[in-house]
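If you count the sequence shown from 1, you need to add 509 to reach this note's numbering. The block underneath contains the structure these notes are about, expressed in structure tokens.
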Amino acid sequence: MKKILAMLLALTMVLSLAACASDSGTADTQTSDTTAETDTTTDTDSTVDAEADAETDDPAEEETISSGVEDGVLTVGMECQYAPYNWTQLDDSNGAVPIANNPGSYANGYDVMMAKRICEAYGWELEVMALGWDGLNPALSAGTIDAVIAGQSMTETRLQEVDMAGPYFYASIVCVTKADSPLASAKGISELTGTCTAQTGTIWYDSCLPQIPGAEIMPEAETAPAMIMAVESGTVDFICTDMPTALGACATYDDLVVLDFSGSGDDFEVDEGEINIGISVLKGNTELKDAIDAVLADLTADDFNALMDEAISVQPEV
510 MKKILAMLLA LTMVLSLAAC ASDSGTADTQ TSDTTAETDT TTDTDSTVDA
560 EADAETDDPA EEETISSGVE DGVLTVGMEC QYAPYNWTQL DDSNGAVPIA
610 NNPGSYANGY DVMMAKRICE AYGWELEVMA LGWDGLNPAL SAGTIDAVIA
660 GQSMTETRLQ EVDMAGPYFY ASIVCVTKAD SPLASAKGIS ELTGTCTAQT
710 GTIWYDSCLP QIPGAEIMPE AETAPAMIMA VESGTVDFIC TDMPTALGAC
760 ATYDDLVVLD FSGSGDDFEV DEGEINIGIS VLKGNTELKD AIDAVLADLT
810 ADDFNALMDE AISVQPEV
């Protein structure tokens, strides 16, 4: 009987140990599965984070360009010494506006009149900054100004640097010489001889003067007034410019005359799109460009000419 009881007790212990071993295996399996699931979740999270970082760092993602007029102010750069497009005067007569970076001075001219019209359409305040010709586009890139309204031609070279609204004036290329010069009777560019110049950074100097066979091209003038003074003083025999600048020069100096060869068959060869005048904005600033274009779309060539005539009539003698 004791032997039987011992054998039953031994059998019970064996079964108990087997059950424990089975439970331990299940627990280990569950722990292993849980760990695997945790690792999978971690890997998935890492993948999501990596994808998010990749999206954030994507160089193709477009940067948002500010219009610049969120504050209700349109800051415009111009030389303020390029009549009749723009000039400086000492009071606010004839609708002149203060020059922000030149206290006590006021800007006026065709560019100012056009800028005021754009601002009036949207209820913006106009702020004018006087800047050198070569500093206009860099100031635009730096965010110092929102737009350049300064008689800039819409050349392919310039359009690689900025976007341009417009045209806001349809220009033509002419020459200017002294009324008593033998060149005053020239009927085409082939009859022009002697020394000449034009303003730096313009299609007049870079593209037009080289088309004149008899031209002796002198160093470019830094500004429009310097260009005009060169022919007025006799430093050069003639200059090349656009019609508004030429008319403005003749309004100031009555001994100058305009040489207009259009329709002669002996004129400058230029792309009409490159001589028209536009308004520069930061590359990619479509919001401001479209807003300006919407105003210009309501104006005709006759409107532009009438406004230019008004500017020429009130420009000061400087």
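Every residue gets a Cβ at the ideal spot worked out from N, C-alpha and C, and that includes glycine. Because the structure is a prediction, the values reported are computed rather than measured.
Around the Cβ of residue i, are there at least 16 other Cβ atoms within 10 angstroms (buried) or fewer (exposed)?
{"i": "E826", "result": "exposed"}
{"i": "V523", "result": "Note that V523 has pLDDT 41, beneath the 50 cutoff, so the model's placement of it is unreliable and the number below is only indicative. Exposed is the call here."}
{"i": "E588", "result": "buried"}
{"i": "T573", "result": "exposed"}
{"i": "A806", "result": "exposed"}
{"i": "G604", "result": "exposed"}
{"i": "A730", "result": "buried"}
{"i": "G757", "result": "buried"}
{"i": "Y631", "result": "exposed"}
{"i": "P612", "result": "exposed"}
{"i": "S822", "result": "exposed"}
{"i": "G675", "result": "buried"}
{"i": "A680", "result": "buried"}
{"i": "T547", "result": "With a pLDDT of only 44 at T547, under the threshold of 50, the placement of this residue in the model should not be trusted; the figure read from the coordinates follows. Per the 10 Å Cβ criterion, exposed."}
{"i": "A651", "result": "exposed"}
{"i": "S533", "result": "The predicted position of S533 is uncertain, since its pLDDT is 44 and thus under 50; a value taken from the coordinates is nonetheless stated next. Classification for S533: exposed."}
{"i": "A815", "result": "exposed"}
{"i": "G577", "result": "buried"}
Using alpha carbons as the reference points, say which of the options lies closest to residue i.
{"i": "D776", "options": "D689, A695, G652 and Y591", "result": "A695"}
{"i": "A733", "options": "E819, G660, T795 and D655", "result": "G660"}
{"i": "D799", "options": "T597, Y615 and M673", "result": "M673"}
{"i": "V779", "options": "Y677, C717 and M736", "result": "C717"}
{"i": "D600", "options": "D802, S614 and Q590", "result": "S614"}
{"i": "S662", "options": "E819, E781, K792 and M622", "result": "E781"}
{"i": "E783", "options": "I682, P719 and N610", "result": "I682"}
{"i": "I786", "options": "V582, D751, T795 and Q590", "result": "D751"}
{"i": "C684", "options": "N794, L701, G772 and A735", "result": "L701"}
{"i": "N794", "options": "V606, K625 and I654", "result": "I654"}
{"i": "E664", "options": "I698, G710 and A656", "result": "Residue identity check: residue 664 is Thr in the sequence provided, not Glu. Closest by alpha carbon: G710."}
{"i": "K865", "options": "S602, A630, P647 and E634", "result": "Within the shown structure, residues of the chain are numbered from 510 to 827, placing residue 865 beyond reach of any answer."}
{"i": "I721", "options": "I712, E629, G697 and A760", "result": "G697"}
{"i": "M736", "options": "A760, T754, E725 and M638", "result": "T754"}
{"i": "S773", "options": "Q590, S699 and M817", "result": "S699"}
{"i": "S789", "options": "Y677, E819 and I658", "result": "I658"}
What is the DSSP secondary structure of residue i, counted as helix, strand or coil?
{"i": "D672", "result": "strand"}
{"i": "I608", "result": "strand"}
{"i": "M752", "result": "helix"}
{"i": "C589", "result": "coil"}
{"i": "S492", "result": "Outside the shown range of the chain (510 to 827) lies residue 492, about which nothing can therefore be said."}
{"i": "G703", "result": "strand"}
{"i": "Y631", "result": "helix"}
{"i": "E725", "result": "strand"}
{"i": "T711", "result": "coil"}
{"i": "E826", "result": "coil"}
Go to residue i, then tell me how far its beta strand (DSSP E) extends in each direction, as first and last residue.
{"i": "N617", "result": "Y615 to N617"}
{"i": "M638", "result": "E634 to A639"}
{"i": "I682", "result": "I682 to K687"}
{"i": "L766", "result": "Before going on, a small fix: residue 766 reads as Val here, not Leu. Segment L765 to L768, the beta strand (DSSP E) holding V766."}
{"i": "W596", "result": "W596 to Q598"}
Can you name the start and end residues of the alpha helix (DSSP H) that residue i belongs to?
{"i": "D580", "result": "Per DSSP, D580 belongs to no alpha helix (DSSP H) and is neither H nor E."}
{"i": "V657", "result": "It is not in any alpha helix (DSSP H) - V657 instead sits in the beta strand (DSSP E) that spans A656 to S662."}
{"i": "T795", "result": "T795 to L805"}
{"i": "S822", "result": "A810 to V823"}
{"i": "I574", "result": "First-last for I574: undefined, no H or E at that position."}
{"i": "I698", "result": "Unbroken run through I698: none, as it is neither H nor E."}
{"i": "A651", "result": "L645 to A651"}
{"i": "V740", "result": "A733 to E741"}
{"i": "G774", "result": "It is not in any alpha helix (DSSP H) - G774 carries neither H nor E in the DSSP assignment."}
Should the segment 651-671 be called in touch with the segment 804-811, which here means at least 3 C-beta pairs below 8 Å? The answer is no - the segment 804-811 does not touch the segment 651-671, with fewer than three Cβ pairs under 8 Å.
Touch check for the segment 685-692 and the segment 763-771: three-plus C-beta pairs under 8 Å? Yes, the segment 685-692 touches the segment 763-771.
Would the segment 701-712 and the segment 732-748 be scored as touching if the rule is three or more Cβ pairs under 8 Å? With the cut-off at 8 Å, the segment 701-712 and the segment 732-748 touch.
Using 8 Å as the threshold, is the segment 577-597 in touch with the segment 609-628, meaning 3 or more CB pairs across them? Contact between the segment 577-597 and the segment 609-628 is established, with three or more Cβ pairs separated by less than 8 Å.
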